[in-house]
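There are 2 protein chains.
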Amino acid sequence: MPELRKDPIVDRWVIISTERGKRPFDFPPARPKMQRGFCPFCYGNESKAPPEILAYRPDGSPPNAPGWRLRVVPNKFPALKVEGDINRVGEGMFDKMSGIGAHEVIIETPDHESALEQLPVRNIEDCLWAFQQRIADLKKDSRFRYILIFKNHGEAAGATLEHSHSQLIALPIVPDLALQELAGAKRHYDYKERCIYCDIIAQERGSGRRVIEENDQFVAISPYAPRFPFETWIFPRYHAARFESSGVNQLPRCAQMLKNILLRMRKALNEPPYNFVLHTAPVKDNCDAYYHWHLEIMPKLTEMAGFEQGTGFYINYTPPEEAAETLRNVRT
Amino acid sequence: MPELRKDPIVDRWVIISTERGKRPFDFPPARPKMQRGFCPFCYGNESKAPPEILAYRPDGSPPNAPGWRLRVVPNKFPALKVEGDINRVGEGMFDKMSGIGAHEVIIETPDHESALEQLPVRNIEDCLWAFQQRIADLKKDSRFRYILIFKNHGEAAGATLEHSHSQLIALPIVPDLALQELAGAKRHYDYKERCIYCDIIAQERGSGRRVIEENDQFVAISPYAPRFPFETWIFPRYHAARFESSGVNQLPRCAQMLKNILLRMRKALNEPPYNFVLHTAPVKDNCDAYYHWHLEIMPKLTEMAGFEQGTGFYINYTPPEEAAETLRNVRT
Chain Z
5 MPELRKDPIV DRWVIISTER GKRPFDFPPA RPKMQRGFCP FCYGNESKAP
55 PEILAYRPDG SPPNAPGWRL RVVPNKFPAL KVEGDINRVG EGMFDKMSGI
105 GAHEVIIETP DHESALEQLP VRNIEDCLWA FQQRIADLKK DSRFRYILIF
155 KNHGEAAGAT LEHSHSQLIA LPIVPDLALQ ELAGAKRHYD YKERCIYCDI
205 IAQERGSGRR VIEENDQFVA ISPYAPRFPF ETWIFPRYHA ARFESSGVNQ
255 LPRCAQMLKN ILLRMRKALN EPPYNFVLHT APVKDNCDAY YHWHLEIMPK
305 LTEMAGFEQG TGFYINYTPP EEAAETLRNV RT
Chain H
5 MPELRKDPIV DRWVIISTER GKRPFDFPPA RPKMQRGFCP FCYGNESKAP
55 PEILAYRPDG SPPNAPGWRL RVVPNKFPAL KVEGDINRVG EGMFDKMSGI
105 GAHEVIIETP DHESALEQLP VRNIEDCLWA FQQRIADLKK DSRFRYILIF
155 KNHGEAAGAT LEHSHSQLIA LPIVPDLALQ ELAGAKRHYD YKERCIYCDI
205 IAQERGSGRR VIEENDQFVA ISPYAPRFPF ETWIFPRYHA ARFESSGVNQ
255 LPRCAQMLKN ILLRMRKALN EPPYNFVLHT APVKDNCDAY YHWHLEIMPK
305 LTEMAGFEQG TGFYINYTPP EEAAETLRNV RT
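Line order of the protein sequences matches chains Z and H. If you use the numbering used here, the first sequence corresponds to residues 5 to 336, in order. If you use the numbering used here, the second sequence corresponds to residues 5 to 336, in order.
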């Protein structure tokens, strides 16, 4: 059983997996490499992945068989286990709990060759709807506090399968960075009674220097103090704490923006590996007045130096004004 | 001029370097690769590095010439500039300051072939004394708030020169993780009037499960909730907030422990790239009662997945009890 353990000094939760036996591991342990060749996410290979949780099947085909446009399946090698109780235990001054959580894979397309940004907008919109449906379902499980949605694209960004997919991890804790964002946003709200993200969006749209693209509902910016070169944040222009509150008027515009930004990166940065992480409100938090959901996209252009991992202190050689200008000037 | 910019939500400072012209950069920007061949840190090539700030020259040889045992020089491509005033400026709701700081390189040995852990203990002790001397000197500069000492060993850990060296960056801000450690340690102290690190050391030495090695002054442990496989922390067993307060009775023992731990990793993990970061009290903080300096050593065995960078939430497939046992069982 994996465990969630908390660092007692900085309150950082870490998943400690004790399941090495179930997956082929090297010693010293290495992150699993990209598997090539046989693909469990292609048509006809549905039985090689765990049974589907959700699928969009316009042709009415039976479950776990070809015909789908998008599928959600449990991760075959989950970081957390979905069955069991949250068992909170102290070990002297340390805190741990059983590693309960859901770990799912969103197979974004049956097309093995296309990256997400190469799919029609309608398919990207499907992914966003699938994220929403899975969030709505997992929120009913009282054990979960946060639903983390992210994508690793390309081996250097941590993908272990080529076929385009994103991932979801439902957690019994709230990750560190989400807690920090919530605390910062609350501090601003307590003082000003305004959403800090709305204030940032207004300032950025006013100056325009770090705006990459906007439409009637969304805006993409290079943040003022980015950790990584070409880091890009997509915000809804309207105030909303929760991704899952976006509806039929918003999600198609979000999908279009996501496609455009990823295509801009693809062209300007030579098809980079990338990650994105959905930042949305914790399941049970009453933060609707002051939090603002967004997508953070990070092309993986550089290796992190060790001291950056060790200190949380970053050196970025690409000023965001230059990154925004470069991405803005790409012809989409 | 580089800038220090603060993320207004999570209060994270980032160095934004605008000095791309001075260093050969690729586009898209990549972290500089390891330079091989000519070595500016070898005997006879002293003129290819900036003039030395400090050197240990047992033979009384002249500055910037062979004969030294250890040298400290300014980094030729500094992340921050040492000349100028801290100019704190607001940009609407954002905060920045000029990128003032010292960036120095500690050349640990004239021997191009040896890794730090392969040097005699006396040379490792030299490095620790050099860290202390540079801290003592830089503390006199009222612009600096934190002196960050770290080592990148091996290309995958961010080293750009093979010749064994460590680095120092004096900063006009306190890095994020240091602030988090200070806040956590203070919370514990306010409640219990004890140092949280002293409490952890006592508990770990009591159980022994995560202890790798100890001597009369230092102890090395696998932390309870490590972010990375085989992450190892070396603590002084006595309470001390500041590395620079360690004296002639302590530093030789610290050097011996550092050598032993790095040798254990070298043998058990097949000469891994690694980083270490010295965690010590900020220059001006009155935290002597509750902070406890230590060294954090992280062998670079896995690539960080993007969602770990994006969320600060880590999955570690090597439980620290297994890591400690593996390292403990290495014959040194």
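Backbone N, C-alpha and C fix where the C-beta goes; we use that ideal spot for every residue, glycine too.
query	result
So which residues of chain Z does H:TRP17 contact, with C-beta pairs closer than 8 Å?	ALA229 and PHE317
Any contact between the region 299-317 of chain Z and the region 40-48 of chain H? By contact I mean 3 or more CB pairs, one from each, below 8 Å.	no
I'd like to confirm the pairing. Which residues does DSSP put opposite H:ASP292 in its beta bridges?	None, per the DSSP bridge assignment.
Any beta-carbon of chain H closer than 8 Å to the one on Z:ILE200?	yes
Using a C-beta to C-beta distance shorter than 7 Å, which residues of chain Z count as neighbours of H:GLU300?	GLY314
Check the Cβ-Cβ distances between H:GLY188 and every residue of chain Z, and say whether any is below 8 Å.	yes
Any C-beta of chain H within less than 7 Å: which residues of the region 261-284 of chain Z qualify?	LEU273, ASN274, PRO276, ASN279 and VAL281
Can you pull the chain H residues whose beta carbon is under 7 Å from the beta carbon of Z:ARG9, in chain order?	TYR228 and ALA229
Looking at H:ARG75 and H:ILE104, is the spacing between their C-beta atoms short of 8 Å?	no
Give the residues of chain Z in contact with H:ALA244, contact being defined as C-beta atoms less than 8 Å apart.	None at all; the shortest Cβ gap to chain Z is about 16 Å.
Could you give the residue range of the beta strand (DSSP E) that holds H:ARG75?	74-78
When Cβ atoms are compared, which residues of the region 100-116 of chain H fall closer than 9 Å to chain Z?	LYS100
Would you check if the distance between the CB atom of Z:THR236 and the CB atom of Z:ILE265 is smaller than 8 Å?	yes
Along the chain, where does the alpha helix (DSSP H) containing Z:HIS167 start, and where does it finish?	Unbroken run through Z:HIS167: none, as it is neither H nor E.
Report yes or no: is there a C-beta of chain H within less than 8 Å of the C-beta of Z:LEU152?	yes
By the criterion of Cβ-Cβ separation under 8 Å, what are the contact partners of H:VAL287 in chain Z?	Ordered by position in chain Z, no residue passes the 8 Å Cβ test against H:VAL287, which lies about 16 Å from the chain.
How many angstroms separate the CA atom of H:ARG9 from the CA atom of Z:ASP15?	25 Å
For H:ASP194 and chain Z, any beta-carbon pair shorter than 8 Å?	no
With a threshold of 6 Å on Cβ separation, who are the neighbours of Z:GLY158 within its own chain once the five nearest residues in sequence on each side are excluded?	PRO277
What does the alpha-carbon distance come out to for the pair Z:VAL287 and Z:PHE247?	11 Å
Buried or exposed for Z:GLY210, going by 16 or more other Cβ atoms inside 10 Å?	exposed
Measure the C-alpha to C-alpha separation of H:ALA245 and Z:GLU329 and round it to an integer number of angstroms.	45 Å
From H:TYR334 to H:PRO323, what does the alpha carbon distance come to, in whole angstroms?	Note on identity: in this sequence residue 334 of chain H is Val, with Tyr being the wrong assignment. Taking the straight line from one Cα to the other gives about 17 Å.
Is the beta carbon of H:GLN171 closer than 8 Å to that of H:PHE154?	yes
Please determine, among H:ASP203, H:ILE57 and H:ILE111, the residue with the shortest C-alpha to C-alpha distance to H:ASP141.	H:ILE57
Indicate whether H:PHE234 and H:LEU331 have their beta-carbon atoms separated by less than 8 Å.	yes
From the beta carbon of Z:LEU255, is the nearest beta carbon of chain H less than 8 Å away?	no
Is there at least one Cβ from chain H nearer than 8 Å to Z:LYS26's Cβ?	At Z:LYS26, the pLDDT of 43 sits below 50, so the modelled position is not reliable and the matter cannot be decided from this model.
Just confirm the distance between the C-beta atoms of H:ALA106 and H:ALA174, as a whole number of angstroms; I'd bet it's less than 8 Å.	4 Å
For Z:SER249, tell me which candidate among Z:TRP133, Z:ARG231 and Z:ALA206 has the shortest Cα-Cα distance.	Z:TRP133
Between the alpha carbons of Z:PHE232 and H:GLU312, how many angstroms are there, rounded?	13 Å
On the CB-based measure, 16 or more other CB atoms within 10 Å of its CB, does Z:VAL223 come out buried or exposed?	buried
In angstroms, rounded to a whole number, what distance separates the CA positions of H:THR22 and Z:PRO230?	13 Å
Which residues of the region 118-143 of chain H have a Cβ closer than 7 Å to any Cβ of chain Z? Give them in chain order.	none
Which runs of the beta strand (DSSP E) at least 3 residues long sit entirely within the region 250-289 of chain Z? Give them in chain order.	278-283
With a threshold of 6 Å on Cβ separation, who are the neighbours of Z:ALA53 within its own chain once the five nearest residues in sequence on each side are excluded?	PRO44 and VAL77
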